[in-house]
Amino acid sequence: MRYDRKVMRLDEFQGVNAGYVLELYERYQQNPESVDLETRKAFESWTPPSTDAALAQPVLGYPNIQKIVGAATLADAVRRYGHLAARIDPLGSEPIGDPLLSPGAHGIADADLQALPASLVGGPVAESSANAFEAIETLRRIYCSTIGFDYAHMFVPDERDWLRHAAESGRFLPPMDPNSVEAVLDRITQVEVFERFLHRTFPGKTRFSVEGIDMLVPILDEIICGAADHGARHAVLGMAHRGRLNVLAHVLDKPYAQILAEFKDPVAAKSFRTDLGRTGDVKYHSGARTAAPRGQMYVTLAPNPSHLEAVDPVVVGMARAAGTRADQRGAVHFDGAITLPILIHGDVAFPGQGAVAETLNLSRLAGYDTGGTIHIIANNQLGFTATPAESYSTSYASGLARGFKIPIVHVNADDPVACLEAARLAWEYRARFGLDFLIDLVGYRRYGHNEGDEPSFTQPEIYKTISSHPTVREIWARTLVEKGSIPADLPDSLVKKHFEVLETTYASLTPEQEYVPPPPPQPPPGTAGQVTTGVALDRLREINDALLTRPQGFAFHRKLERGLEKRKNAFINPSERSIDWATAEQIALATILADGIPIRMTGEDVERGTFSHRHAVFHDANTGKRLIPLQEFPQARAAFEIHNSPLTENAAVGFEFGYNVQEPRRLVIWEAQYGDFINGAQVMLDQFVTSGRAKWGLTPSLVCLLPHGYEGQGPEHSSARPERFLEAAADINLRLVNCTTAAQYFHLLRRQAALLERDPLPLFVLTPKGLLRHPAVASTPQELEQGRFLSVIDDEEARGRASAITRVVLCSGKVYVDLISSERRTAANTIAICRVEQLYPFPTIALNELLGRYPSVRDVVWLQEEPENMGAWEFMRPLLDELIGDRCPLRYIGRVRSSSPAEGSAAWHHLNQKALVEQAFDLGSHASEPSLVLSKQV
Ligand SMILES: Cc1ncc(C[n+]2csc(CCOP(=O)(O)OP(=O)(O)O)c2C)c(N)n1
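Using this note's numbering, the letters of the sequence shown correspond one by one to residues 7 to 944.
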């Protein structure tokens with residue numbers, strides 16, 4: 007081809023095209039090698055217009071430049087928008103396409119392309135094509151076939167180029183040798199036959215069949231084995247109901263016998279032990295772990311509640327824990343290469359449920375990233391009865407992932423080759439970049455939402471198509487037979503083989519066999535009470551000094567100096583009330599680390615502490631450099647990590663729960679900004695933290711610190727809603743504590759750490775806000791040395807005159823300080839103010855002993871700050887009633903029933919708080935006053 011020297015008129019190339027030519031030319035000028043040979047030749051003889059005058063030059067006209075640009079922009083459009091024309095729907099719906107995918111939109115025709123070199127199109131396809139037309143056709147086969155590469159949203163050129171090359175080189179296409187293709191056929195036959203067998207044997211029983219997206223199982227095989235080849239050692243899977251039984255059977259190797267026994271149900275039901283507080287769960291929610299590694303990799307499927315996508319943060323938390331080493335002093339070491347989280351989402355749940363966005367938002371954050379999570383949308387194009395148009399505003403179900411710069415591959419679930427290519431691409435990308443990847447596996451749902459559901463009530467047309475649509479096994483078998491890759495009778499013999507395995511297993515089930523795993527053993531009664539948590543004073547001093555050691559040249563913020571100085575002297579006098587809440591916490595954590603137990607602590611602004619009291623991380627005032635004393639002190643024998651979390655409660659609590667159950671020997675602490683906000687994580691609490699034991703035999707020990715207390719800060723900054731935890735409390739499934747001194751907090755944290763293995767339970771602590779620095783909350787060093795956690799604290803002053811006490815006021819938390827600070831306290835010498843520090847497990851023995859010390863008591867009061875329908879009252883009432891028996895009446899003092907937890911006005915709050923205290927000391931008439939505080943006998 008010859009190129010004459012010409013002056014091109016810029017307006018010959020409209021908009022993008024003109025810019026594109028000039029950009030190419032600029033690149034060429036800087037480095038002629040940066041453009042391909044043909045373009046280089048063209049530019050050698052071309053003078054670009056540099057001024058408006060040049061634009062006004064007559065057109066000498068050389069059409070090839072326009073065509074060259076057209077070919078290049080067409081190639082670009084196919085790469086960017088080809089997925090819009092890809093045939094990814096097995097049911098054959100027309101793809102929406104895009105006008106830019108036709109040559110006409112770029113001012114060229116097929117004949118022009120045939121006259122242009124393939125190099126204009128670039129990439130690997132250029133090498134095997136005779137001209138641009140052929141190269142574009144090959145690009146179309148790649149980008150617009152049964153796979154849609156959706157990666158134009160990637161911002162990092164390296165990632166984009168890698169994906170482009172991966173797609174166009176075809177280097178991740180699966181092997182097509184006879185053994186490999188037969189192995190795929192065998193696998194999808196196994197998957198299909200399993201569902202058909204269940205369908206036939208248990209007609210109408212819910213199993214949420216995988217049929218329509220059967221390729222999910224071979225995709226998982228490919229990802230897991232591929233990642234294992236890259237050195238991964240543990241895959242953690244999370245998925246909802248759809249296809250779960252199939253994945254349990256074939257990816258987790260859950261024995262057919264167990265699955266079939268669970269279907270028979272009555273056999274299993276006999277073996278449940280209701281006396282142990284175990285409810286179990288439906289069969290399509292349970293988790294499992296492979297007994298033997300698959301491809302040198304252990305696979306775990308997290309148990310899953312019905313709440314769609316709630317398992318997502320749990321799984322990434324588990325994977326993070328599995329990849330984290332924390333057994334040495336200092337920071338933790340995370341290696342994403344050894345652990346692989348895989349999340350299987352529903353196509354309607356993925357865009358609809360906020361947990362997904364919250365989980366994706368964790369993916370690149372320090373302390374949360376997993377080295378890449380592989381997401382698969384099990385896209386059956388329906389959600390129960392809802393259509394995509396009713397379910398999401400994004401173009402694809404996967405749209406949300408674009409914002410997080412996650413590459414997306416849409417793939418037709420009826421094409422095994424395309425599906426396996428997508429799977430190989432996923433793990434290779436993850437191995438290369440350590441980032442998330444998403445496969446949108448587009449199939450259909452052969453039956454209704456469940457197998458008892460009639461789908462044609464709502465989707466008559468789709469189900470007409472589905473009823474005559476062949477299965478992927480049939481399609482693949484036919485393809486292979488037609489190609490002569492397998493003998494014609496092989497498909498049927500494989501079906502027969504897999505049916506026989508299931509039939510034999512079913513026939514050999516023994517009704518008596520125990521298929522249900524036993525519940526976790528309960529620790530011996532009193533285990534928690536026997537833990538020693540005191541630490542010798544010398545040791546406390548040594549550790550405190552070490553924590554306060556200043557690294558050479560580190561400039562602490564001026565305003566923190568006084569606090570540091572105070573802390574330095576905190577352990578000098580054993581009987582001085584010099585230990586405040588933050589000191590107690592830091593020294594407790596330090597002693598736990600010195601005992602060799604790693605700690606992970608997260609929450610919004612947790613490094614400094616919402617109330618500016620913690621300062622677990624210092625920032626050099628001049629350089630901003632970070633200093634974390636708990637990672638530095640020499641006595642530590644385990645790692646400490648602390649991270650400010652993103653602004654989430656749901657995913658944050660889910661993540662920490664997952665981390666905790668995966669690595670139960672580490673102390674995992676999450677702190678709410680204010681306790682109220684934990685209700686943003688209500689699904690995680692209800693579905694995982696408090697019921698995981700009864701449903702799935704899990705033994706979490708997550709600690710949640712929840713700032714709580716009525717201080718006039720309004721309805722959302724007062725209550726951590728203890729009533730919610732008490733409502734969920736049963737069968738010893740959690741600990742709820744509202745402790746009032748720094749020493750109690752110290753012993754509580756140490757006790758929790760000591761019980762991680764012996765008696766693990768989630769711990770919810772209602773922590774102070776205003777009281778963090780209050781003298782009444784401060785403790786002495788001696789109390790850290792000699793004490794232990796007390797579930798109930800008697801009134802020491804009243805005990806000296808026990809026989810004169812006529813009223814015992816029981817309360818919990820900050821309101822105790824309001825009571826003892828009242829001027830009426832001194833005069834009220836017949837009243838004992840006692841603290842219930844642990845609300846659950848209810849301290850029956852300790853309270854009984856306490857009441858027994860006051861023989862003249864005439865009424866026992868439960869006093870709380872919260873409204874009557876909140877706080878601990880409704881939980882306490884029957885228990886206290888039983889405990890008190892007919893000794894005396896039980897009285898309630900607290901705010902009246904209310905829909906809102908607290909007053910919006912500080913003045914109003916103070917009035918009510920004052921009324922509370924007055925009524926506690928009022929031994930006269932108990933008639934309720936016209937106030938929002940209620941005193942009543944019950
Ligand atoms: C949080 C939540 N809301 C509602 C439901 C009830 N529900 C169960 S399945 C389903 C449809 C899910 O559709 P999709 O995500 O596409 O998964 P599919 O069942 O089609 O596999 C709904 C609404 C639920 N399980 N969880």
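Glycine included, every Cβ here is placed at the ideal spot set by N, Cα and C.
Determine the DSSP secondary structure at residue i, reduced to helix, strand or coil.
i    : result
D183 : coil
T485 : helix
V541 : coil
M882 : helix
H625 : strand
E100 : coil
H563 : coil
S277 : Note that S277 scores 47 on pLDDT, short of 50, meaning its location in the model is unreliable; the coordinates nonetheless yield the value given after this. S277 falls in the coil class under three-state DSSP.
P69  : Any reading at P69 must be qualified, since the residue scores a pLDDT of 48, below 50, and its modelled position is unreliable; the value itself is stated next. The answer is helix: DSSP assigns P69 an H, G or I state.
M690 : helix
P64  : Note that P64 scores 33 on pLDDT, short of 50, meaning its location in the model is unreliable; the coordinates nonetheless yield the value given after this. Three-state result, P64: coil.
Y846 : strand
Q943 : strand
S56  : Only weak support is given to the placement of S56: the predicted model assigns it a pLDDT of 49, under 50, and the question is left unresolved by the model.
I585 : strand
G409 : helix
C150 : coil
My assumption, with CB atoms under 8 Å, is that residue i sits in contact with residue j. Please give the rounded CB distance.
i    : j    : result
C817 : F770 : No, C817 and F770 are not in contact; Cβ-Cβ is about 18 Å, not under 8 Å.
A735 : S797 : Actually they are not in contact, since the Cβ atoms of A735 and S797 sit about 14 Å apart, beyond 8 Å.
N418 : I94  : 5 Å
L169 : A81  : Their Cβ separation, rounded to whole angstroms, is 16 Å, which puts L169 and A81 out of contact at 8 Å.
E662 : L708 : 6 Å
H619 : W587 : 7 Å
A363 : P319 : Contact flag wrong, Cβ pair sits at about 11 Å.
L122 : A77  : 5 Å
In the DSSP assignment, what are the bridge partners of residue i?
i    : result
A645 : G336
M876 : DSSP lists no partner for M876.
N650 : G609
E677 : G609, L711
W868 : L816, Y898
H381 : L349, L444
F155 : V415
G244 : L349
R841 : I799, C817
F770 : C710, L742
R436 : DSSP output for R436 lists no bridge partner at all.
L633 : F624
G389 : A392
Can you tell me whether residue i sits near ligand 1, meaning its C-beta is under 7 Å from at least one heavy atom of the ligand?
i    : result
L388 : yes
S312 : yes
D353 : yes
V384 : According to the sequence shown, residue 384 is Ala rather than Val. Checking every heavy atom of ligand 1 against the Cβ of A384, one is found closer than 7 Å.
H455 : yes
R213 : no
Q641 : no
Q465 : no
R166 : no
Q536 : no
Q359 : yes
R370 : no
R831 : no
R451 : yes
R248 : yes
Indicate whether at least one CB of chain D lies closer than 8 Å to the CB of residue i.
i    : result
Q788 : Chain labels in this structure do not include chain D; a single protein chain is all it has.
Entirely enclosed beta strand (DSSP E) segments - the stretch 289-360, minimum 3 residues: The qualifying runs are 304-307, 345-352.
Continuous beta strand (DSSP E) assignments of at least 3 residues falling wholly in the stretch 774-835: Segments of the beta strand (DSSP E) lying fully in the stretch 774-835: 813-817.
Every unbroken alpha helix (DSSP H) within the stretch 185-272, with a cutoff of 4 residues, ordered by chain: DSSP assignment within the stretch 185-272 yields the following whole alpha helix (DSSP H) runs of 4 residues or more, N-terminal first: 222-235, 250-256, 262-270.
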